[in-house]
Amino acid sequence: MKQYNLGPNGGIMTSLNLFATRFDQVLKFIDKRITDSSYVLIDTPGQIEVFTWSASGSIITEALASSHPTVVVYVMDTARCMSPVTFMSNMLYACSILYKTKLPFIVVLNKIDIVDCSFALDWMEDFEAFQTALEQETSYVSNLSRSMSLVLDEFYKNLPCVGVSSVTGAGIDSFFDKVDEAVTEYEKSYLPALEKLRAEQEEREKEKREEQLRKIERDVREGDEVPLMEQLHTKVPVPGVSISLGMESEDDEDDDEGDDN
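According to the numbering used here, the sequence shown holds residues 1 to 261 in order.
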């Protein structure tokens with residue numbers, strides 16, 4: 001930040017961009033350790049918008065997903081989601097990340113040693129329970145949350161969610177079970193789609209190369225004919241050709257007469 005005179009956000013973006021340019025080294029490191037480790041955890045910056053919606057974040061995510069089974073884990077602070085409005089905000093974030101990355105997705109409700117996550121699970125499974133909780137809110141945001149809950153009700157049905165405690169270790173086994181299920185989903189859904197996109201891209205590149213070769217062959221057979229006057233106007237020299245434009249000077253006429261004598 002001092003070197004480039006950047007603020008906090010600019011520093012995060014610059015470091016992420018620089019990290020993306022060297023991410024091939026991270027992939028090589030993962031490949032070396034893949035036989036010794038069952039899982040690789042990559043923690044992203046706390047600012048969701050920076051990683052999810054920036055070009056560098058997309059490059060990193062796609063590079064991982066194209067080489068290894070990749071699962072996105074969205075960690076929520078359960079104690080801070082007891083308000084239905086805050087809970088809805090987190091769910092909107094989760095929804096946007098899911099549709100942006102198009103990868104297997106898991107919502108983790110952390111800190112269940114402080115607050116039981118059953119209320120959040122009830123809000124996700126029971127639309128009426130969430131509406132009842134919103135009745136205690138009277139702000140404009142609560143009205144927006146009430147409307148958005150209708151949209152997200154379908155989103156919840158296929159959303160894996162698990163409660164864990166990083167302090168006590170509760171729910172960790174269930175979390176890894178969800179991860180294994182997500183890997184299976186990756187292999188069945190995401191990987192075939194990725195291979196299809198790769199095949200289409202390779203086919204387009206092949207057609208482009210063939211078209212370039214055909215163009216080169218045509219140019220070799222026919223040659224590039226450039227009108228002589230166009231070369232003169234553009235002052236492009238023509239090898240072996242000397243051309244004089246305009247009227248002859250008197251000195252030139254005298255020289256010609258001398259030659260005749």
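C-beta: ideal position from N, C-alpha, C; glycine also.
Limits of the unbroken beta strand (DSSP E) element including residue i
i, result
"Asn158", "Looking at the DSSP string, Asn158 is not in any beta strand (DSSP E), and its letter there is neither H nor E."
"Tyr74", "Val72 to Asp77"
Whole-Å CB distance - residue i paired with residue j, under 8 Å assumed
i, j, result
"Val71", "Leu103", "7 Å"
"Ile112", "Thr78", "6 Å"
"Thr23", "Ala65", "Looking at the sequence shown, residue 23 is not Thr but Phe. That belief does not hold up - the Cβ atoms of Phe23 and Ala65 are roughly 12 Å apart, past 8 Å."
"Ile12", "Gln47", "6 Å"
For residue i, the first and last residue of its enclosing alpha helix (DSSP H)
i, result
"Ala110", "Checking the sequence, you will find Asn at residue 110 rather than Ala. Asn110 -> not in any alpha helix (DSSP H); beta strand (DSSP E) instead, spanning Phe105 to Asn110."
"Met91", "Pro84 to Thr101"
"Asp24", "Phe23 to Arg33"
"Arg80", "From DSSP, Arg80 is part of no alpha helix (DSSP H); its letter is neither H nor E."
"Ile172", "Ile172 to Glu185"
"Ser58", "Ala55 to Ser67"
Buried versus exposed call for residue i [16 or more other C-beta atoms within 10 Å across all chains shown]
i, result
"Gly169", "exposed"
"Ser145", "buried"
"Leu29", "The sequence as given places Phe at residue 29; Leu does not occur at that position. So Phe29 counts as exposed."
"Gly163", "buried"
"Gln231", "Note that Gln231 scores a pLDDT of 48, beneath 50, so its modelled location is shaky; the value from the coordinates is reported in the next line. Flag for Gln231 reads exposed."
"Gly10", "exposed"
"Leu18", "exposed"
"Ser189", "exposed"
"Thr132", "exposed"
"Ala94", "buried"
"Thr138", "exposed"
"Gly7", "exposed"
"Met76", "buried"
"Ser273", "Outside the displayed range of the chain (1 to 261) lies residue 273, so it cannot be described from this structure."
"Thr184", "exposed"
"Met229", "Confidence at Met229 is low in this model, with a pLDDT of 49, below 50, so the placement of that residue is unreliable and no value is reported for it."
"Trp123", "buried"
"Val108", "buried"
"Tyr156", "buried"
"Leu213", "exposed"
Bridge partner(s) assigned by DSSP for residue i
i, result
"Gly163", "Leu109"
Any chain B beta carbon closer than 7 Å to residue i
i, result
"Tyr99", "The structure shown contains no chain B, having only a single protein chain."
Proximity test, residue i beta-carbon vs the ligand NAD heavy atom, cut-off 6 Å
i, result
"Phe29", "No copy of the ligand NAD appears in this structure; indeed no ligand is present at all."
Start-end ranges of the beta strand (DSSP E) lying completely within the segment 197 to 224, minimum 3 residues: none
Could you pull out every unbroken alpha helix (DSSP H) segment of at least 4 residues lying fully inside the segment 108 to 156, listed in chain order? 118 to 125 and 127 to 134
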